[in-house]
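In this note's numbering, the protein residues as written are 93 to 535.
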């Protein structure tokens with residue numbers, strides 16, 4: 093019939109029908125039009141535009157980065173940097189890893205997002221993979237979020253559901269001094285540093301802090317009024333300091349006796365960073381939180397709940413997220429875990445971290461080296477760390493300071509000894525410059 097609607101074959105219904113060349117051309121046009129006013133600008137000009145348009149919660153960034161390859165990134169002025177921070181322990185496969193790029197592109201071209209009314213195969217596969225890696229017992233489950241703060245927010249709510257009884261209520265959460273768990277309300281309420289919390293008080297209450305690694309303080313604090321104890325196996329805010337040997341086992345023992353949950357925040361330490369899949373391996377907590385390196389650069393977080401009893405604490409409607417478990421993010425995480433396993437990056441992180449630690453301990457001006465695997469804290473004279481970071485950037489190294497006396501390294505797990513050696517060789521001069529910034533200048 094003239095003018096009648098012609099029905100597409102069923103296999104084509106709902107699909108884009110533009111030829112690949114047209115789609116590619118449209119993408120190129122969009123990119124040119126959207127970025128036209130920024131193209132060719134110097135870094136300082138771009139940063140002025142940044143300050144004029146983005147909320148200043150981070151201050152002004154030090155550089156505008158435009159591309160990356162492996163463990164190297166380039167800024168808007170064409171300068172190359174060795175990325176020894178990995179987006180703060182995020183880019184475990186480095187930048188532009190071909191397998192990760194291929195998987196993400198393919199998934200986005202297949203199914204980009206579904207609401208939490210539906211499931212996707214990548215979501216299910218990733219949950220099963222994480223449960224296997226964590227040696228989770230029967231009845232364990234996974235909740236997906238978009239970041240470490242969101243994963244810890246879920247853990248905070250999980251802890252609150254361990255309520256006890258009307259006759260013997262539980263109302264307290266125990267965290268460690270110098271803990272950092274994120275900046276959402278629940279996660280922030282478990283974070284130690286007053287400067288982070290004070291501007292947003294009143295925060296959720298009932299959180300107490302005890303000295304990290306002090307077993308006697310732990311035993312004194314935890315009783316049947318405690319809902320949970322949350323710990324980081326390595327405390328970044330304290331100077332990338334691992335908890336003492338045996339402390340996690342003590343937390344497990346004490347929480348089990350008291351009926352409290354043991355929650356391990358592996359946001360920074362998980363996914364092979366420390367030379368094992370989890371820094372808490374050998375101890376079975378009630379919940380583990382993950383993020384950062386899990387997606388290889390694509391935002392994703394997760395909370396693993398161990399066993400049926402713990403998993404049943406949160407019931408339908410008590411927590412949720414629109415984007416958690418997104419097909420693209422879960423595909424990225426599956427790809428990241430695959431590459432880590434296939435390329436032996438967990439063992440690489442372990443042995444390379446041991447080698448790097450020994451190299452750094454021999455550097456003049458280094459007072460100590462802390463951490464595990466490829467999460468390393470370099471202890472220097474108090475006040476020098478931020479100056480070393482600044483000098484390092486000028487010399488082509490991306491590092492950061494977790495405090496006035498600690499420089500943190502969290503490079504991609506693909507980093508080589510040759511690349512790390514360039515930093516080790518440069519470090520004495522960086523420390524000397526930080527300690528004597530005016531040396532060699534005329535009076």
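We put the CB at the ideal spot given by N, CA and C, even for glycine.
Proximal residues to residue 478 (C-beta, below 6 Å), its chain only, five neighbours per side dropped
Residue numbering aside, residue 478 sits at position 386 when the chain shown is read from its first letter. In the same chain as residue 478, and ignoring 5 residues on each side of it, the C-beta atoms closer than 6 Å to its own belong to 493, in chain order.
By alpha-carbon positions, which one of 396, 423 and 132 ends up nearest to residue 201?
As a first step, residue 201 is located in the chain shown; it is residue number 109 there, counting from the start. It is 423 whose Cα lies nearest to the Cα of residue 201.
Burial state of residue 434 (16 or more Cβ within 10 Å):
To locate residue 434, count along the chain shown from 1; it is residue 342. It counts as exposed.
Which residues DSSP lists as bridging residue 492, in chain order
Taking the chain shown and counting its residues from 1, the one referred to as residue 492 is at position 400. Beta-bridge pairing links residue 492 to 500.
For the putative contact between residue 353 and residue 402, defined by C-beta atoms under 8 Å, what is the C-beta separation to the nearest angstrom?
By one-based count along the chain shown, residue 353 stands at place 261. By one-based count along the chain shown, residue 402 stands at place 310. Contact between residue 353 and residue 402 holds: their C-beta atoms lie close to 7 Å from each other, under 8 Å.
With contact counted as at least three CB pairs below 8 Å, one residue from each stretch, are the segment 362-377 and the segment 455-470 in contact?
Contact holds: three or more Cβ-Cβ distances are below 8 Å.
Grab me the residues of residue 441's own chain with a C-beta within less than 8 Å of its C-beta, minus the 5 sequence neighbours each way, in chain order.
Locating residue 441 in the chain shown gives position 349, where the first residue counts as 1. Excluding residues within five positions, the ones whose Cβ falls inside 8 Å are 364, 365, 366, 367, 465, 466 and 505.
Between the beta-carbon of residue 262 and the beta-carbon of residue 318, is there less than 8 Å?
By 1-based counting over the chain shown, the position of residue 262 is 170. By 1-based counting over the chain shown, the position of residue 318 is 226. Cβ distance < 8 Å, so residue 262 and residue 318 count as in contact.
With distance defined between alpha-carbon atoms, name the residue in 274, 530 and 500 nearest to residue 245.
Here residue 245 refers to the residue found at position 153 of the chain shown. The shortest C-alpha separation from residue 245 is found at 274.
Among 203, 316, 300 and 307, which one has its Cα closest to the Cα of residue 258?
Against the chain shown, residue 258 aligns to sequence position 166. Looking at the Cα atoms, 316 is the closest of the given residues.
Residue 438 by DSSP, collapsed to three states: which one?
Along the chain shown, one-based indexing puts residue 438 at 346. Helix.
For the 8 Å Cβ check, are there 3 or more pairs between the segment 356-363 and the segment 376-390?
These segments touch.
How many Å lie between residue 405 and residue 300 at the Cα?
Within the chain shown, residue 405 is the residue found at index 313, counting from 1. Within the chain shown, residue 300 is the residue found at index 208, counting from 1. Rounded to the nearest angstrom, the two C-alpha atoms are 22 Å apart.
Just to confirm before moving on: does the CB-CB distance between residue 248 and residue 394 stay below 8 Å?
On the chain shown, position 156 is the one that residue 248 refers to. On the chain shown, position 302 is the one that residue 394 refers to. Cβ atoms of residue 248 and residue 394: not closer than 8 Å.
Which residues does DSSP pair with residue 463 in a beta bridge?
In the chain shown, residue 463 corresponds to position 371, counting from 1. Residue 463 is bridged to 468.
Sequence-distant residues of its chain with Cβ nearer than 7 Å to residue 106 (five each side left out)
As a first step, residue 106 must be located in the chain shown, where it is residue number 14. Residue confidence is low: residue 106 scores 46 on pLDDT, short of 50, so the model does not pin down where it sits. Its coordinate-derived value is still stated next. Here the set comprises nothing.
Take residue 252 as the anchor and find which of 243, 264, 171 and 242 has the nearest alpha-carbon.
In the chain shown, residue 252 corresponds to position 160, counting from 1. Per the Cα distances, 264.
Between the C-alpha atoms of residue 385 and residue 392, what's the straight-line distance to the nearest angstrom?
Looking up residue 385 in the chain shown gives position 293. Looking up residue 392 in the chain shown gives position 300. Each residue's alpha carbon lies about 9 Å from the other.
So, for residue 332: in the same chain, excluding its five sequence neighbours on each side, which residues have a beta-carbon less than 7 Å away from its beta-carbon?
Numbered from its first residue, the chain shown carries residue 332 at position 240. Around residue 332: 326, 462, 463, 467, 468, 469, 494, 498 and 500.
Where residue 292 falls: helix, strand or coil (DSSP)
Here residue 292 is taken as the residue at index 200 of the chain shown, counted from 1. Residue 292 carries a helical assignment under DSSP once its states are collapsed to helix, strand and coil.
For residue 334, the three-state DSSP class (helix, strand or coil):
Numbered from its first residue, the chain shown carries residue 334 at position 242. Note: residue 334 maps to strand in three-state DSSP.
What are the complete alpha helix (DSSP H) segments, minimum 4 residues, inside the segment 130-217?
Whole alpha helix (DSSP H) segments, 4+ residues: 135-145, 178-181 and 190-202.
Beta carbon of residue 130 nearer than 8 Å to that of residue 138
Locating residue 130 in the chain shown gives position 38, counting from the first residue. Locating residue 138 in the chain shown gives position 46, counting from the first residue. At a Cβ-Cβ threshold of 8 Å, residue 130 and residue 138 count as neighbours.
Among 135, 454, 507 and 419, the one whose alpha carbon lies nearest that of residue 216
The sequence position of residue 216 within the chain shown is 124, counting from 1. Per the C-alpha coordinates, the member of 135, 454, 507 and 419 positioned closest to residue 216 is 419.
Give me the Cα-Cα distance between residue 350 and residue 161, rounded to the nearest whole angstrom.
Within the chain shown, the letter at position 258 stands for residue 350. Within the chain shown, the letter at position 69 stands for residue 161. Spanning the two alpha carbons is a distance of roughly 50 Å.
Exposed or buried, what is residue 175 when buried is set at 16 or more other beta-carbons lying within 10 Å of its beta-carbon?
For the purposes of this step, residue 175 is identified with residue 83 of the chain shown, where counting begins at 1. Residue 175 counts as buried, since no fewer than 16 other beta carbons sit within 10 angstroms of its beta carbon.
Could you spell out where the alpha helix (DSSP H) holding residue 515 opens and where it closes?
For this step, residue 515 is matched to residue 423 along the chain shown. Its alpha helix (DSSP H) spans residues 509-527.
Contacts around residue 407, its chain only, beta-carbon distance under 6 Å, and the 5 residues preceding and following it disregarded
Locating residue 407 in the chain shown gives position 315, counting from the first residue. Nothing meets the Cβ criterion.
Classify residue 357 as helix, strand or coil using the three-state DSSP reduction.
Mapped onto the chain shown, residue 357 falls at position 265. Here residue 357 sits in strand by DSSP.
Return the chain-ordered list of same chain residues with a C-beta closer than 7 Å to the C-beta of residue 219, the five sequence neighbours on each side being excluded.
As a first step, residue 219 is located in the chain shown; it is residue number 127 there, counting from the start. Cβ neighbours of residue 219 beyond the five flanking positions: 234.
Residue 214, buried or exposed, once every other Cβ within 10 Å from all chains shown has been counted against 16
Reading the chain shown from its first residue, position 122 is the one you call residue 214. Flag for residue 214 reads buried.
If you draw a straight line from the alpha carbon of residue 524 to that of residue 180, how long is it in whole angstroms?
For this step, residue 524 is matched to residue 432 along the chain shown. For this step, residue 180 is matched to residue 88 along the chain shown. Answer to the nearest angstrom: the Cα atoms are 25 Å apart.
Neighbour-count burial assignment, residue 204, 16 or more Cβ in a 10 Å radius:
As a first step, residue 204 must be located in the chain shown, where it is residue number 112. Counting Cβ neighbours within 10 Å, residue 204 comes out exposed, since fewer than 16 surround it.
Just grab the DSSP bridge partners of residue 394 for me.
The count along the chain shown starts at 1 and reaches residue 394 at position 302. Paired residues: 236 and 382.
Residue 186, buried or exposed, once every other Cβ within 10 Å from all chains shown has been counted against 16
As a position in the chain shown, residue 186 is number 94, starting the count at 1. With 16 or more other Cβ atoms within 10 Å, it is buried.
Once you ignore the five residues that flank residue 183 on each side, which residues in its own chain have a CB closer than 6 Å to its CB?
For the purposes of this step, residue 183 is identified with residue 91 of the chain shown, where counting begins at 1. Only 389 and 504 meet the Cβ criterion.
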